[in-house]
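Asks: What follows is a single structure, and I will ask about it in a moment.
Printed below as a string of structure tokens:
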């Protein structure tokens, strides 16, 4: 039997919208409804494989039910703005999936569905599945008709056949409209009979069979209920008419017009790429990408390279693509191809590339591993552009910068996937991809200039690539013996802490299990459950911190988590990550992750080691310089507050920094109206928190949480701060307003942070975007400053022929290792270069320390 699936478009759209919280793309396009609807329809098509498929939509304008009752659906709120903005994408989704739509003026989607069902049932060997969450459509269920309600969150179906309808409602499917006639339907504002609920309505229809027979036998209904029904007879009959589906909507019907066909893969891929549905994209067949059958010439010697280069203009960048394995300290390069339109494609020997192309400018996508591989061979890397870095500057909020995705978005075409390492076609594929790099680079470079981002690219991000490659290759030494000893101490402390936790809890339980911990805290100990999650009551750090004021156990849990994280993430793990050949850790620096412009690191992440705790310092003490050398650490002092002073032009803060005052004490004097000598430690702490609260757009609630003061008091401090610093308030307001108008905010040097949610109709998303807008210019400028310093510092070390190495960048700190005879020179260089990296209206101060391990600096 053939299966005909008919989808209630608006029902599923609204269910999709409400299934999850607000979601948007990196460009601010709201997407939650399109995402969930895409997931549901894709799952239906793939798993159910329907023979025929249709989707019905409510038309604009009134329907025949509006003529019957002015109150029909009158209580429905207007469509939310962020859902309305998704409607064009929903239409594109349905068109890309090639699902025929039915929309008839004057009739709701439910009536169109009912008519589709009726006409399909007139044909033999066809069964119908209605996809909807609306209960009124259950009246269509019959021997060859089922209704499937699809869960918006999971996509799992709930199937209604005749038995299931009877089980859920206690009546036959054909009696659903009669039940609704009595009980009403709040969703559609069908009144029903006042005073009759679902249970009574079901009981009456089960007994009498229909509304008509009920009123024919009204004398059989006892007492007050009879009076209620009699008074509501007119409403009952009207409500039944409103609830009954029209199965004779006038439109042409040809079942073959609804035969399911393959989606338009190109349009579907383009839509899901635009909306950043990366998980769904992985389900699609790869785009067709042609690879030429022509052999790609291999440039076997320098003469062949020179002959090929002669055909390419001397100043034009040459595009590269490579195959291999990234990862410091020595990425593996198995194959490499080069392309220029005038010279065509060619294969190069990876080891020969730096020397052969030394005089030319290159462009690669994610060039750092390639540069690092050249450094590993002792070669000086040629000048090289990075199209991935360009893409990052154009949209720093993306989750992926894979060449295939960027190319498909830019040109609507595919690139060939990378073949296996030994594949014979490797050269041809690399050549095709190098051609793609060249084309995408021209596109991205033009966009950088159009958006006035070329200077940030050329002076900061591009020269940073080889700097990071050198840092990854150098790595950093770790003393495994110190880590092993610390791990044993942590193990003992955790054992003792575990026993104490069991004593306080009165029983043993899995401390790491949120469910078991919640049982202990909220059921056994009777502590208040402060926040609920999807799976139960929250036991996160914020909740435990607040509960710790009431009971000793939550504080012990927090301590246990801290120790366990240090042990598992660092003390136990770092020795195993050391490179056996170099004896050093080689982290990978991520240049394309943080939307603010900050760097991050992974494998291992060395930026999250605690700095202000004794335990964190114990971990840092295991990081040591080259034998006989010393560490030099140079750290910007209060750089974000100094940048805020510059950007806002606030005289009070500028004057304070110029005088070399303690900025937090100065703020305390202004907020609390006291002299510097009268400022208490608590007042300075509150002032410090207020300074950073302003910087990061923290609310009075957030400030009250961090300082443990009353929320109203926190708001008074914030108000007092802005009263004392009116230009800071003006700068914040101006930044948010400009961001709302332009769609982005900028750093001092022009780096952009796109924040389209500044105009979102969703207040949660809009408020989050406003906080980002407040901070992004400051944090982004700080990131620009330290990146400029890194580029200049590396150039200075090389120009002076120093052996010292730059090893790490962690937040506002640069860490070097230097032989004893170079320590003073590195100290002086770091201070000079970092302080001059980006001149401000206030002094830029760099604290420089030296030591025998990282904890000492």
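Numbering (this note's numbering), first residue to last: 6 to 862. Ideal Cβ placement from N, Cα and C applies to all residues, glycine included.
Below 7 Å CB to CB, which residues in the same chain sit around residue 119 once its five sequence neighbours on both sides are set aside?
Replies: 145, 250, 251, 252
Asks: Measure from the alpha carbon of residue 25 to the alpha carbon of each residue in 729, 42, 513, 470, then state which is nearest.
Replies: 42
Asks: Please state the DSSP three-state secondary structure of residue 744.
Replies: helix
Asks: Can you grab the Cα-Cα spacing for the pair residue 59 / residue 254, in whole Å?
Replies: 15 Å
Asks: When burial is assigned at 16 or more other CB atoms within 10 Å of the CB, is residue 780 buried or exposed?
Replies: buried
Asks: Do you know offhand how far residue 442's Cα is from residue 317's?
Replies: 16 Å
Asks: Does the contact criterion of 3 or more C-beta pairs under 8 Å hold for the segment 331-343 versus the segment 472-484?
Replies: Under the three-pair Cβ rule at 8 Å, the segment 331-343 counts as touching the segment 472-484.
Asks: Keeping to the same chain, check which residues put their C-beta closer than 6 Å to that of residue 850; ignore five residues upstream and five downstream.
Replies: Closer than 6 Å at the Cβ level, and outside the excluded window around residue 850, lie 642.
Asks: Evaluate the contact criterion for the segment 466-473 versus the segment 790-800: three or more CB pairs, one atom per stretch, below 8 Å.
Replies: Touching, yes.
Asks: Going by other Cβ atoms of all chains shown within 10 Å of its Cβ, with 16 needed for buried, is residue 696 buried or exposed?
Replies: buried
Asks: Within 10 angstroms of its Cβ, does residue 173 collect 16 or more other Cβ (buried), or is it exposed?
Replies: exposed
Asks: Can you give me the C-alpha to C-alpha distance between residue 760 and residue 39, rounded to a whole angstrom?
Replies: 20 Å
Asks: Quick one: give me the first and last residue of the alpha helix (DSSP H) that residue 488 is part of.
Replies: Where residue 488 is concerned, the enclosing alpha helix (DSSP H) stretches over 485-510.
Asks: Note down, in chain order, each residue of its chain lying with its Cβ closer than 7 Å to the Cβ of residue 860, except the 5 sequence neighbours on either side.
Replies: 622, 625, 626
Asks: If I'm right that residue 762 touches residue 774 with Cβ under 8 Å, what's the distance once you round it to whole angstroms?
Replies: Correct: roughly 4 Å between the Cβ atoms.
Asks: For residue 157 and residue 35, I'd like the C-alpha separation in whole angstroms.
Replies: Low confidence applies to residue 157: its pLDDT is 48, below 50, so where it sits in the model is not reliable enough to give any reading.
Asks: Enumerate in chain order the residues of its own chain whose CB-to-CB distance from residue 152 is below 6 Å, with the five nearest sequence positions on each side excluded.
Replies: 135, 142, 143, 146, 165
Asks: For residue 111, which of 85, 66, 19 has the nearest alpha-carbon?
Replies: Looking at the Cα atoms, 66 is the closest of the given residues.
Asks: So that I know if they touch, is there some Cβ in chain C lying closer than 8 Å to that of residue 255?
Replies: Among the protein chains of the structure shown there is no chain C, as only one such chain exists.
Asks: Between which two residues does the alpha helix (DSSP H) containing residue 445 stretch?
Replies: 431-455
Asks: Name the one or two DSSP bridge partners that residue 60 has.
Replies: 12, 106
Asks: In whole angstroms, give me the CA-to-CA distance for residue 511 and residue 534.
Replies: 19 Å
Asks: Return the residue from the list 345, 247, 179, 123 that minimises the CA-CA distance to residue 113.
Replies: Ranking the options by Cα distance to residue 113, first place goes to 247.
Asks: Which residues mark the beginning and the end of the beta strand (DSSP E) in which residue 327 is found?
Replies: 323-330
Asks: Which full runs of the alpha helix (DSSP H) of 4+ residues lie inside the segment 672-704, going along the chain?
Replies: 686-700
Asks: So the beta strand (DSSP E) residue 422 belongs to, where does it begin and stop?
Replies: Unbroken run through residue 422: none, as it is neither H nor E.
Asks: What first and last residue would you give for the alpha helix (DSSP H) that runs through residue 580?
Replies: 579-582
Asks: Quick check on the DSSP output: what are the complete alpha helix (DSSP H) runs of length 4 or more inside the segment 543-623, in order along the chain?
Replies: 546-552, 557-571, 579-582
Asks: By a C-beta neighbour count over all protein chains shown, 10 Å radius and 16 as the cutoff for buried, is residue 320 buried or exposed?
Replies: exposed
Asks: Tell me which residue opens and which closes the beta strand (DSSP E) that residue 122 is part of.
Replies: Unbroken run through residue 122 is the alpha helix (DSSP H), 114-126; no beta strand (DSSP E).
Asks: Check whether the Cβ atoms of residue 302 and residue 356 sit closer than 8 Å, and answer yes or no.
Replies: no
Asks: Mind checking whether residue 15 and residue 62 have CB atoms under 8 Å apart?
Replies: Yes.
Asks: Counting along the chain, where does the alpha helix (DSSP H) carrying residue 479 start and finish?
Replies: 467-479
Asks: Bridge partners of residue 349, per DSSP?
Replies: 345
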